[in-house]
Amino acid sequence: MKSFTDYLTYNVPSRRGFVNITNEIRKIVQKSDIKEGICLVNAMHITSSIFINDNETGLHQDYERWLEELAPHEPVSKYEHNKTGEDNADAHLKRQVMGREVVIAITKGQLDFGPWEQIFYGEFDGQRPKRVLVKVIGE
Amino acid sequence: MKSFTDYLTYNVPSRRGFVNITNEIRKIVQKSDIKEGICLVNAMHITSSIFINDNETGLHQDYERWLEELAPHEPVSKYEHNKTGEDNADAHLKRQVMGREVVIAITKGQLDFGPWEQIFYGEFDGQRPKRVLVKVIGE
Amino acid sequence: MKSFTDYLTYNVPSRRGFVNITNEIRKIVQKSDIKEGICLVNAMHITSSIFINDNETGLHQDYERWLEELAPHEPVSKYEHNKTGEDNADAHLKRQVMGREVVIAITKGQLDFGPWEQIFYGEFDGQRPKRVLVKVIGE
Chain A
69 MKSFTDYLTY NVPSRRGFVN ITNEIRKIVQ KSDIKEGICL VNAMHITSSI FINDNETGLH
129 QDYERWLEEL APHEPVSKYE HNKTGEDNAD AHLKRQVMGR EVVIAITKGQ LDFGPWEQIF
189 YGEFDGQRPK RVLVKVIGE
Chain B
69 MKSFTDYLTY NVPSRRGFVN ITNEIRKIVQ KSDIKEGICL VNAMHITSSI FINDNETGLH
129 QDYERWLEEL APHEPVSKYE HNKTGEDNAD AHLKRQVMGR EVVIAITKGQ LDFGPWEQIF
189 YGEFDGQRPK RVLVKVIGE
Chain C
69 MKSFTDYLTY NVPSRRGFVN ITNEIRKIVQ KSDIKEGICL VNAMHITSSI FINDNETGLH
129 QDYERWLEEL APHEPVSKYE HNKTGEDNAD AHLKRQVMGR EVVIAITKGQ LDFGPWEQIF
189 YGEFDGQRPK RVLVKVIGE
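Protein chains in written order, with the working numbering: chain A, 69 to 207; chain B, 69 to 207; chain C, 69 to 207.
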C-alpha cells in the first residue's frame with residue numbers, strides 16, 4: 069500500500085464563501101501516483117467544510133441563503149458559544165450541514181467522478197488562512 | 069492491497085424516493101473477496117444521497133416531510149439555481165442534509181454493521197437513470 | 069496493508085448528550101501500530117452520530133437547542149415512525165444532520181488533526197449501551 073499526504077491553505081477574504089478546489093485535488097492525486105484507492109479531503113478547521121456539489125454560482129447563493137436561514141449568524145448573542153468571546157457559533161452549525169470531509173474513489177489514476185461532481189471548500193468564518201488535508205491511499 | 073470497483077444504476081420513477089441497496093452492496097463486497105478493509109458507497113450525481121439508517125417506511129415518510137420543510141421544492145422561483153432552467157435546487161440542498169457517501173468497515177469479509185444499519189439510495193430529482201459508485205479496498 | 073478493528077460502548081444516562089471520545093480513538097490508533105493510513109469511526113446505531121468539532125460546552129448547548137429546533141422530539145405523535153411504538157423518530161433525523169461517521173487521516177502514527185478538532189459521540193436516544201466501530205487501515 070502506498071500513501072501520500074498534502075495540505076492546502078485557503079484564505080477567504082469574506083466571512084463566508086465557496087472555493088472550487090477540484091483542480092488542486094486532481095494534481096495531488098496525480099502526484100501521489102496511486103492508481104486504485106481512495107482520496108480523503110477534509111477541513112482541518114471546525115468552521116469550514118469540504119463538500120461535493122455543482123459548480124454553479126446561483127446554487128452557491130442558494131446554499132448561502134439557506135444556511136443563514138437554518139443557522140443565522142445574528143443575533144450573535146443567541147448562541148452560548150459566543151459568550152466565550154467568539155462570534156462564530158453559527159459557523160460550527162453550518163459546517164455540520166455541509167460536512168467536514170469527502171472520500172473519493174481513485175480509479176485508473178483519476179478521481180472517479182460523476183458528470184457534475186466538483187469539490188468545494190466551504191468557508192463559514194473566513195478572513196484568515198485555514199488548512200485542508202488531502203490523504204491518498206492505495207496502489 | 070486489493071481493490072474492487074463497481075457501479076450501480078437506479079431509476080426512481082418519482083421525483084423523490086428511497087431505495088434499500090444493502091443487498092447489492094453485500095454482493096459486491098462478496099465478489100471483491102476482500103476480508104479486511106473498507107467499502108465506499110457514493111452517489112455519482114449531486115442531487116442524490118447515500119445514507120445509512122432504518123428500513124422502516126414510516127421513518128422514510130418522516131424524512132420526506134422533514135426535508136420538504138427544510139428545503140421545499142416550491143416555489144421553484146425562490147432559488148437562484150432554478151434561473152438556469154433547472155427546477156431541482158431543492159434537491160441539491162436536501163442531498164447535503166442526507167449526505168453524499170458512506171464508508172463502511174469490512175470485517176471477516178462482511179459489512180461490519182450494527183443491528184439496524186441498512187444502506188439507502190436517496191433520490192431527490194428522479195425519473196432518470198443515476199449511478200452509484202462502490203469501491204472496496206483492503207486485503 | 070494492515071488493519072485493526074475495535075469497538076467502544078457508550079451508555080449516555082440522558083436521552084441526548086455528547087461524549088468526547090478523542091482519547092479512546094487515539095489509543096486505538098496507537099495500538100494498531102499503523103503509521104500511514106486512515107481511521108474510520110462510526111456509530112453502529114442509527115440514532116447516534118460520530119462527528120468532529122469543538123470541545124466547548126456552550127457550543128454543545130447550541131447544538132442541542134438547534135437540533136431540537138430542526139427536528140423536535142415532541143409532539144411524538146407528529147412522526148409516522150413513532151406509530152410503530154417508538155418515540156425516537158427525531159433521533160433518526162438529528163443523526164442525519166450530525167452524521168454517522170468520520171474518516172481521519174493517520175500520518176506518522178498520529179491522528180492528523182487541525183488545532184481544534186476533537187471527536188464526539190452524539191447520542192440522540194440514550195439510556196442504553198450503544199456501540200461505536202473503529203477501523204484503522206494502512207501501513
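Every residue gets a Cβ at the ideal spot worked out from N, C-alpha and C, and that includes glycine.
Return yes when the Cβ of V80 (chain A) is within less than 9 Å of the Cβ of I93 (chain A), no when it is not.
Working through the first sequence from its first residue, we reach residue 93 (chain A) at position 25. Working through the first sequence from its first residue, we reach residue 80 (chain A) at position 12. At a Cβ-Cβ threshold of 9 Å, I93 (chain A) and V80 (chain A) do not count as neighbours.
Chain B residues whose Cβ lies nearer than 7 Å to that of V171 (chain C):
For the purposes of this step, residue 171 (chain C) is taken as residue 103 along the third sequence, with counting starting at 1. The contacting residues are V171.
Output yes or no for whether 9 Å exceeds the beta carbon distance between Y147 (chain C) and G126 (chain B).
Working through the third sequence from its first residue, we reach residue 147 (chain C) at position 79. Working through the second sequence from its first residue, we reach residue 126 (chain B) at position 58. In this structure, G126 (chain B) lies closer than 9 Å to Y147 (chain C) by Cβ.
Closest to E132 (chain B) by CA distance: which of C:E207, C:E191, C:H160 is it?
Stepping through the second sequence from its first residue, residue 132 (chain B) is reached at position 64. Closest by C-alpha distance to E132 (chain B), out of C:E207, C:E191, C:H160, is C:H160.
May I ask you to list the residues that DSSP assigns as paired with V202 (chain B)?
Residue numbering aside, residue 202 (chain B) sits at position 134 when the second sequence is read from its first letter. DSSP output for V202 (chain B) lists B:D74, B:V109 as bridge partner(s).
Using the DSSP secondary-structure output, state which residues sit across from G178 (chain C) in a beta bridge.
Reading the third sequence from its first residue, position 110 is the one you call residue 178 (chain C). One detail in the question is off: residue 178 (chain C) reads as Gln in this sequence, not Gly. Partner(s): C:T175.
For S71 (chain B), which of B:L179, B:R196, B:R84, B:C107 has the nearest alpha-carbon?
As a position in the second sequence, residue 71 (chain B) is number 3, starting the count at 1. Each of B:L179, B:R196, B:R84, B:C107 was checked against the Cα of S71 (chain B), and the nearest Cα belongs to B:C107.
Looking only at its chain, what residues have a beta carbon closer than 6 Å to the beta carbon of V144 (chain C), apart from the 5 residues adjacent to it on each side?
Here the question's residue 144 (chain C) lines up with position 76 in the third sequence. N150, D155.
Determine the contact status of R168 (chain C) and V204 (chain B), defining contact as a CB-CB distance below 9 Å.
Here residue 168 (chain C) refers to the residue found at position 100 of the third sequence. Here residue 204 (chain B) refers to the residue found at position 136 of the second sequence. If you check the CB distance, R168 (chain C) and V204 (chain B) do not come in under 9 Å.
Is there a C-beta anywhere in chain B that falls below 9 Å from the one on T175 (chain C)?
Working through the third sequence from its first residue, we reach residue 175 (chain C) at position 107. Chain B contact via Cβ: absent.
Would you mind listing the beta strand (DSSP E) stretches within the region 90-134 of chain C that are 3+ residues and don't spill past its ends, in chain order?
Contiguous beta strand (DSSP E) elements confined to the region 90-134 of chain C occur at 105-111, 116-121, taking only those with 3 or more residues.
Quick check on this structure: which residue in B:D101, B:S82, B:R83, B:I96 has the alpha carbon closest to the alpha carbon of E207 (chain B)?
On the second sequence, residue 207 (chain B) is found 139 positions in, with the first residue counted as 1. Nearest to E207 (chain B) by alpha-carbon distance, out of B:D101, B:S82, B:R83, B:I96, is B:D101.
As assigned by DSSP and simplified to three states, the class of E142 (chain A)
Against the first sequence, residue 142 (chain A) aligns to sequence position 74. Reduced to three states, the DSSP call for E142 (chain A) is coil.
Can you give me the Cβ contacts of I120 (chain A) inside the same chain, cut-off strictly under 6 Å, excluding the 5 residues immediately before and after it?
Position 52 of the first sequence holds residue 120 (chain A). Contacts found: V170, E185, I187.
Our contact map puts V200 (chain B) next to Y189 (chain B) with C-beta atoms below 8 Å; I'd like the distance itself, whole angstroms only.
For this step, residue 200 (chain B) is matched to residue 132 along the second sequence. For this step, residue 189 (chain B) is matched to residue 121 along the second sequence. Sure, about 6 Å apart at Cβ, within 8 Å.
Could you work out which residues of chain A lie near D122 (chain C), taking near to mean beta carbons separated by less than 7 Å?
Position 54 of the third sequence, counted from the start, is the residue given in the question as residue 122 (chain C). In chain order: I114, H160.
Please report the straight-line C-alpha distance between S82 (chain C) and T115 (chain C), rounded to a whole angstrom.
To locate residue 82 (chain C), count along the third sequence from 1; it is residue 14. To locate residue 115 (chain C), count along the third sequence from 1; it is residue 47. T115 (chain C) has its alpha-carbon roughly 14 Å from the corresponding atom of S82 (chain C).
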